[in-house]
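Encoded as structure tokens, the structure appears first; notes follow it.
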């Protein structure tokens, strides 16, 4: 705890406006040490959040859970602490998701190494994922219509919201826009390769 206190004091000198929201630990469950550590952070922040990250992948994935503490017991006696789970929602930038997806592909590589994908490969991969998602949605709709699966109003409203967000564009206009974007992408790729070739040629001329 002394180490955490010293680090927090040093951090406040650099970023005095930042506050502690909670703390995290690697593991799949709450341990007996969690209460003691959480008690320390309860003095530093009101109602701190405890985050657990399962790096052992016990359920086949890196499970992330969040908790807040609640006092329990008889008034006037020794109080206990109960950790109440919270709903965890992942929020990330698109660039972060792309990086994580690329790192995850190393799981299927024998030497744990994977190269960067080209722009066209990324477009093809995104198109394949969209196709899979559309197939899943279509199968769900067919199962609901046939009575195999009971209808879910929440899912129905979500799908209706997605459909309403799709712009109504004529097929000819959409094809024109798509071809224009592809041409722009090919032009950027060509210019990038041309610049790379010029840099390599310049380095060779300088080293002569």
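Residue numbers (the UniProt record's numbering): 1 to 208. Beta carbons: idealized from backbone N, C-alpha and C, even for Gly.
So what does DSSP say about residue i, is it helix, strand or coil?
i           : result
residue 55  : coil
residue 166 : coil
residue 86  : strand
residue 195 : helix
residue 147 : coil
residue 233 : Missing from the structure shown is residue 233; the chain here goes from 1 to 208 and no further.
residue 128 : helix
residue 118 : coil
residue 91  : coil
residue 42  : helix
residue 109 : coil
residue 15  : coil
Could you check if residue i is buried or exposed, using at least 16 other CB atoms within 10 Å of its CB as the buried criterion?
i           : result
residue 38  : buried
residue 190 : exposed
residue 48  : buried
residue 136 : exposed
residue 106 : exposed
residue 90  : exposed
residue 8   : exposed
May I have the straight-line CA-CA distance separating residue i from residue j, to the nearest angstrom?
i           : j           : result
residue 161 : residue 168 : 14 Å
residue 114 : residue 201 : 28 Å
residue 92  : residue 138 : 28 Å
residue 194 : residue 118 : 16 Å
residue 80  : residue 121 : 55 Å
residue 112 : residue 146 : 45 Å
residue 192 : residue 180 : 18 Å
residue 207 : residue 196 : 17 Å
residue 30  : residue 98  : 31 Å
residue 50  : residue 34  : 9 Å
residue 182 : residue 110 : 34 Å
residue 131 : residue 86  : 33 Å
residue 188 : residue 155 : 40 Å
residue 32  : residue 62  : 22 Å
residue 123 : residue 82  : 48 Å
residue 149 : residue 159 : 16 Å
Who are residue i's beta bridge partners in DSSP?
i          : result
residue 72 : 80
residue 50 : 23 and 67
Residue i and residue j look like a contact to me (Cβ under 8 Å); what is the Cβ gap, rounded to whole Å?
i           : j           : result
residue 25  : residue 52  : 6 Å
residue 4   : residue 22  : At roughly 12 Å, the Cβ-Cβ gap does not stay under 8 Å, so residue 4 and residue 22 are not in contact.
residue 88  : residue 64  : 6 Å
residue 151 : residue 144 : 5 Å
residue 70  : residue 84  : 5 Å
residue 41  : residue 20  : 6 Å
residue 58  : residue 28  : 5 Å
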